[in-house]
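2 protein chains.
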Amino acid sequence: MAAVSDNDIIARLGKLSISAPEVFKHAAVSGGAEWRAELDKAGKASVPLTKTLLFKPKQPKSAEPTPVLVVAKEDTETSSGAIGGALGLKDLRLANEDLIKQVVPSAASKDDVSALPLPAPVPSTLFVVLDSALASSSDAFAVHLTSSASTVLLKGTEIKAYLESLTATPEAVRVLDFAELKANAPAPIARAPKEAAPKKEVAKKEAAKKDDDLYEMAIQHKKDDDFSGWYTDVLIKGEMLDYYDISGCYILRPPSYHIWQDVQAFFDGEIKKLGVQDCYFPMFVSKARLEKEKDHIEGFAPEVAWVTKAGKSDLEEHIAIRPTSETVMYPYYAKWIKSHRDLPLKLNQWNSVVRWEFKNPQPFLRTREFLWQEGHTAHLDKAGADKEVLDILELYRQVYTDLLAVPVVPGKKSENEKFAGADYTTTVEGFIPTTGRGIQGATSHHLGQNFSKMFDINVEDPNADRSDPNANTKINVFQNSWGLSTRSIGVMVMIHGDDQGLVFPPKVALHQVVVIPVGLSKVEGQNQTIYDACEKLADELKASGIRATVDLREGYTPGWKFNDWEMRGTPLRLELGPRDLASKSTLAVRRYDNNKSSMPLDNIVDSVKSTLDDIQTKMYENAKAKMDQHIIPVTEWKDVTPTLDAKNILVIPWCEDPQCEDDLKDRSRAEAEAARGQAEDSKAPSSGAKSLCIPFDQERFGPFPKGDKQCCPQCGKKASKWTLFGRSY
Amino acid sequence: MAAVSDNDIIARLGKLSISAPEVFKHAAVSGGAEWRAELDKAGKASVPLTKTLLFKPKQPKSAEPTPVLVVAKEDTETSSGAIGGALGLKDLRLANEDLIKQVVPSAASKDDVSALPLPAPVPSTLFVVLDSALASSSDAFAVHLTSSASTVLLKGTEIKAYLESLTATPEAVRVLDFAELKANAPAPIARAPKEAAPKKEVAKKEAAKKDDDLYEMAIQHKKDDDFSGWYTDVLIKGEMLDYYDISGCYILRPPSYHIWQDVQAFFDGEIKKLGVQDCYFPMFVSKARLEKEKDHIEGFAPEVAWVTKAGKSDLEEHIAIRPTSETVMYPYYAKWIKSHRDLPLKLNQWNSVVRWEFKNPQPFLRTREFLWQEGHTAHLDKAGADKEVLDILELYRQVYTDLLAVPVVPGKKSENEKFAGADYTTTVEGFIPTTGRGIQGATSHHLGQNFSKMFDINVEDPNADRSDPNANTKINVFQNSWGLSTRSIGVMVMIHGDDQGLVFPPKVALHQVVVIPVGLSKVEGQNQTIYDACEKLADELKASGIRATVDLREGYTPGWKFNDWEMRGTPLRLELGPRDLASKSTLAVRRYDNNKSSMPLDNIVDSVKSTLDDIQTKMYENAKAKMDQHIIPVTEWKDVTPTLDAKNILVIPWCEDPQCEDDLKDRSRAEAEAARGQAEDSKAPSSGAKSLCIPFDQERFGPFPKGDKQCCPQCGKKASKWTLFGRSY
């Protein structure tokens, strides 16, 4: 669990409009006397202290711990028995160091325990208790930031607001009157007004048992520290995806499926303009058909899922679930294409395919079932097919750059890396700066006549020379196939997400704008004006086609809602409170760069639209600049591994020899391993560099080396093209 | 193979602008002398006769027959050797009666053989030969219609045009100069200009071998005579669907997948307005989860497909492919719904499900994999759930009536017919007039708390009375599920298709309009003006959002194209030729009612749009009127079976007793079987009547019987509601 920093806390306070609070750095302290001494030195002798204590109730070892964090005035008598009684918990004891680290990761010891660096939202298994003597006080108190060596001065009410902003509902912060509890001990439960509490706690604990990972509610990994932990964390907590009880399968929740629908709407519209038609082939493939083309299926065979039973009957012939559809579709191409007049035949499917990989699954990137589109086209002439390969690749580029705000490099795959059945493969290649790895975005293949010869897809050639009656006038068709999968969603998340959670480019965000009421009165019924204004604002935006929503959930603080929508990556938050209404404006907060600005309610639709456009553009430009910084031209071998190790991908003047590519991969892996004195993380597919693509735009890398210098840094042979190499997914 | 009628032929001639040709009915004739005598009686003594002969070459018994139909002047010497030589076929003999019936189904004997009732398009395995003495003559000749007892007078050129309209390409009609053939016999093949022919024929025969059913190219079944043969015939030949090498699985080709995409676009947009979000759950279900709810799964268990292997590894636990997603989704509902604030949760999936039925499969209606949407929602209160059930049902009604032009009756299912896990099921019920059977269109279920209790989906009830601290304040959520599948496409085809093929309502037609050039010159390069005008017209329509296409395929006659696009069901055909261009108009031909009208090219977009709207409306109104005619109120038992036998469904004042429904089904089946003295066609699911629904609109059936007459005709108990009963799919 990654720690919250002092700056994170200051930022959180800023969101609650507690800006620039007084902060002191001092020697680490243990206990009130030392702390008091340090504050005296800082000229704050009169500031009262607080104390923060972590308790643990007695419970079975197998149970999820339900600790209690108490924030109180230093001089309040915080009897563990009284607290336990009020909460319906048995035998509270002070927590040990292990539990402290689990609950407050920033704390090195019990002296550092503070409520300020709690994760947001606070796990619902943690009870947060606030001393009523603090809760209602407008005096400033000393509170530790992330350690006993730092102090911030906060009003009691500010402490309360802060804690409430971290929890799911304000009621989750329990304000206890310790003086009253003491007076009524040992039977506070008997008093009517408190009766509901124990019942609720029981329910709460049941809920905690029911769900194993409630404790893990906030983003608990820093993107730079533990990328893979961070990745699954933001996906699950941002509700993009959930794990499933079959390994390698995931549930695509609405925000991720929405992206896929946006991609579909765009791409499907564009390919239809190119004359492509959609269709649907069965998910099942007979064994005979799947295995007809041995070479083609070889790569997929170990991953094919087989249906062998229906109900209680064993099937006579085992049936495969499609891993891809060449062998499913092409026998019908042979049947349907009877004449050159039936060409071009351009079909596309939106479906799912199954590849039962046994490697470590990774959401979106390596899953046993995934959604994709697969286009399969047949042409009379190679020129028409060649053109289409690039037309489609250009659409893939647009999906990445224009919708997902993800920069990619279009290019051609090396012989080693092309699709086995293809004459050549084109690709758009992405880059994940955090890991320094390349990632294949989508590929468009020209299959030549490889499959049409296997599957006997041919026509009488209308252009054939018919002067020789014995000449063969048939021609096998030229084919392409091209595919884009939900992997693209994973790439987008990896590039744009941050330590607060997801960050969506507006064009693919399920909710582009969230309207949140702020400055609410605690008096019931007093907030209707604000609520109405929020709804009206959201309705106005929706009417103009903006995907806006309004968060009127009662019982959640604005701060908690801010965190929640930030975690979900909503591009723009509009805050609307009494002061905003008075000034006919709203506070617009951009998720992407946290930029805040007041936006007049007049002409709000245009303002929001241009803000969303601006966010989309900036997100792309920023990601593009970052990618460009990390594509390093390298011309000498000595620079290869250090450049990779510095989380870059590189372009080299390459010879395009397949053997050289194998050697380059082995050599760079060996160097990396030697340098680290150990093998790479086994999760990584390879720490050697492989070719990503030969970029179509060669100019961007500057003049190609000439003369003596025009040689491949790996093998020394004559180099022909700048080629992108890197570690990759 | 159903026969083409005299009227069909007249209609075909009409399309070629040969309207009202002279037709004579007379005594059946055998041979030229008898025919001549009949024509003399009709005052047509001077009209020359034709003869039509069917030959068969010598070929292996296992080979597909490649017969030759020769149409010649009666006095032309049609040497079979010369014909065989010209076509590269061996040993032509006159065909036997079996082959005659196969090629010309209308012919009762060899005397009835005529080329006019050939199926359109003519199977490519049939060689059609025309005497050059006829082909170029503008004299009128006597030709039999469908039998030797009818004659039509046609010019030689008209015969040629007619034959060409039936074949795939005009060249497919081989014009042979018999005089020349005779002069050059026995070695016509040696002459250079004829050389290509044998080569082509070889290719043709190879193609015939490659594809088993080329012979079956035209719609060969009459809808009223052999409904099930007709149904698969129009689907396959209209290219909606193709058979697959795994039984019960079908390929959805572009025209049918297009309908599904139109349904998706409409329905998805509407449910999103209701706050439903799309998501995607894995297709796989663990055995444990599938079998968790025994009662629910019982109905599906015999049909579940099981994956037991991946690559060469046996899976430790067998994995099911979802037959429906209740047990897949609801465990996650329990996890995700933590508070009443998470309600309503409204999720929908567009996916495919697998039910490995062992009954006879039927395209769209009973398939092992099918596409559908399944909505699953959870509500805090029953009222909200109840409302949604009907909101969704209303959308299903709109899909049927407004998109597919299919009338349906919305209502509630009986206890026997409701979904096993539901509190109640609502449905839209369709009707197939040709078979007189009802068909379930789509269902929307209220599941009550049945599943939420099984799966422990509950929240703290915000409205609970909390005065009693020991009271249970949790509430199980109220759930709905609702689904619409690609079955809807089959219903549409069954209702609208006719003997010429598919008929699409414009709203769901892949191509709403086809532009076809007519009046073309045979001189190469002379037709560019027409082609350009056709393209311009199609482009203009496309630019305004009309799904138009243009058929500029060279080598096909206009007549052949008319047939082709009619078979595909394209709602509107625009013919454009030199005369149309001169008059700045186009001939608009409606598929649905074959209505032809000249349409000015000025303002063509509006004209086409309003024509398409009119077709859509008329198709629905017509289908609705037909359905209404066949819903018969019945109040006495004696009328039940006769009404069913007359291909009706019926409404009866029903008692709603489940036992009565069982009895009614058995009793009506027994009566039907007794009346026919044999069991029904085994393909029919049941010949007994079951309840289809209790229609919401009770008024439409007139006043409900009162007093003594308010009794169920089956059991005599007091009846409560008009209820729709019928044989059904």
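Sequence order for the protein chains is F and R. Residue numbers for the first sequence follow this note's numbering, so the first one is -6 and each next one is one higher. Residue numbers for the second sequence follow this note's numbering, so the first one is -6 and each next one is one higher. Glycine included, C-beta positions come from ideal geometry on N, C-alpha and C. Just so you know, these numbers come straight off a predicted model, no measurement behind them.
- Under the three-state reduction of DSSP, G74(F) is assigned to helix.
- In this structure, the alpha-carbon of A101(R) lies about 21 Å from that of K216(R).
- Here DSSP, grouped into helix, strand and coil, assigns Q254(R) to helix.
- Boundaries of the beta strand (DSSP E) around F471(F): F471 to S478.
- Going by beta carbons, A79(R) and L169(R) fall inside the 9 Å limit.
- The Cβ-Cβ distance between V22(R) and E15(R) does not fall below 9 Å.
- Spatial neighbours of V506(F) in its own chain (CB-CB distance under 8 Å, excluding positions within 5 residues in sequence) are listed in chain order as A531, L534, I539, R540, A541, T542, T563, P564, L565, R566, L567, V601 and L605.
- Per DSSP, G431(R) is not a residue of any alpha helix (DSSP H); the beta strand (DSSP E) it occupies stretches across R430 to G441.
- Against chain R, a Cβ distance below 9 Å from K500(F) picks out nothing, because the smallest value is about 17 Å.
- Taking the Cα positions, V347(R) is about 33 Å away from C653(R).
- One finds C272 and Y273 in chain R with Cβ atoms closer than 7 Å to the Cβ of L245(F), taken in chain order.
- Per DSSP, A378(R) is one residue of the alpha helix (DSSP H) stretching across K375 to Q391.
- When secondary structure is reduced to three states using DSSP, K529(R) falls in the helix class.
- Going by C-alpha positions, M487(R) is about 15 Å away from E232(R).
- With 16 or more neighbouring CB atoms inside 10 Å of its own CB, V166(R) falls in the buried class.
- If you check the CB distance, V470(F) and L373(F) come in under 9 Å.
- Contact check between the segment 458 to 466 of chain R and the segment 581 to 591 of chain R: fewer than three CB pairs, one atom from each, fall below 8 Å, which does not count as touching.
- The beta carbon of H251(F) falls within 9 Å of a beta carbon belonging to chain R, placing the residue at that interface.
- Assigned with DSSP and collapsed to three states, F277(R) falls in strand.
- Interface residue (Cβ-Cβ distance to chain F less than 9 Å): H369(R) is not classified as such.
- By the Cβ neighbour-count rule, P400(R) is buried, with 16 or more other Cβ atoms within 10 Å of its own.
- Proximity of chain F to D238(R) at the Cβ level (cut-off 7 Å) is accounted for by S279 and R282, in chain order.
- It is roughly 20 Å from the alpha-carbon of A172(F) to the alpha-carbon of L47(F).
- In this structure A126(R) is buried. Its beta-carbon is surrounded by 16 or more other beta-carbon atoms within 10 angstroms.
- According to DSSP, H137(F) shares a beta bridge with T144(F).
- In this structure P114(R) touches A211(R) by the C-beta definition: roughly 6 Å separates them, less than 8 Å.
- A direct Cα-to-Cα measurement between S481(F) and G434(F) gives close to 6 Å.
- Taking the Cα positions, L569(F) is about 17 Å away from G518(F).
- Cβ proximity to chain F below 7 Å picks out A294, P295, E296, V297, A298, W299, V300, T301, K302 and A303 from the segment 286 to 303 of chain R.
- Unbroken alpha helix (DSSP H) stretches of 4 residues or longer found wholly inside the segment 555 to 580 of chain F: 571 to 575, given in chain order.
- As a beta-bridge residue in DSSP terms, S591(R) pairs with L580(R).
- Taking a Cβ-Cβ threshold of 7 Å, the residues of chain F close to R546(R) are R334, in chain order.
- For the pair T716(F) and H439(F), the Cα-to-Cα distance works out to about 20 Å.
- When Cβ pairs closer than 8 Å are counted between the two stretches, the segment 85 to 101 of chain F is seen not to touch the segment 146 to 165 of chain F, the count staying below three.
- With a beta-carbon spacing of about 7 Å, K148(R) and S130(R) fall inside the 8 Å limit used to define contacts.
- Per DSSP, the beta-bridge partners of Q342(R) are E367(R).
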